[in-house]
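Structure, as structure tokens:
Numbering (the numbering used here), first residue to last: 14 to 223.
Below is the structure:
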């Protein structure tokens, strides 16, 4: 009898945990994302067009994962109103990360890699204009990313340096085969650290000429 009770308790706990995990995954998948149109799909690769986007961005130095963590924390403090007054801003996906590069008004965006400098961006919810956003905190800038055309390689799992390098190499090889002029690379991350690896969405984006 006692063993049966423990089995029932374990089953109830497992069921509750599974329900909680399912609700978490559904909530993440409902996170607002910037709009885009797909011009072409080839397996894990897409050619997309994005409209002009309003972003909060910050620059950090160091290895990619450390710089991304620092940049994410700084931007999270801004959107969750931890370093300013007023209400918080809804979280969106993806988080964008790239090597430091000037924001050009034409495509492709070309850049010179400058060692360990990184730029991390949050796309602002569509309901906001630049004027309606709260003033940015220290180290945070509100910017506009021009409308652009990009090639994207999507993959699941953890976005390690090796995984990102492999995805970028595959994407650049495809672009060379298709004779498409390419530019700077950036990375897009859609999930919190708690999302299971098989369900994670990571993307390598390479700017294209129109």
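Backbone N, C-alpha and C define an ideal beta-carbon position, used for all residues, glycine too.
For residue 218 and residue 52, the gap between their C-alpha atoms comes out near 15 Å. Between residue 204 and residue 192, the gap from beta carbon to beta carbon reaches 9 Å or more. If you draw a straight line from the Cα of residue 108 to the Cα of residue 135, it comes to about 5 Å. The alpha-carbon of residue 80 is positioned some 18 Å away from that of residue 150. Between residue 165 and residue 201, the C-beta spacing is below 9 Å. In the same chain as residue 65, and ignoring 5 residues on each side of it, the C-beta atoms closer than 8 Å to its own belong to 157, 158, 159, 160, in chain order. DSSP links residue 164 through a beta bridge to 60, 219.
The residues 67, 155, 157, in chain order, have a CB closer than 8 Å to that of residue 143 in the same chain once the five nearest residues on each side in sequence are set aside.
With a contact defined as Cβ atoms closer than 8 Å, residue 162 and residue 223 qualify at about 6 Å. Scanning its chain for C-beta atoms nearer than 6 Å, with the 5 sequence neighbours on each side dropped, one finds around residue 167 the residues 57, 216, in chain order.
Annotation for residue 173: no beta strand (DSSP E) segment contains it, and DSSP assigns it neither H nor E. For residue 212, the number of other beta carbons within 10 angstroms of its own is below 16, and it is reported as exposed. In the DSSP annotation of this structure, the continuous segment of the beta strand (DSSP E) that includes residue 196 starts and ends at 195-202.
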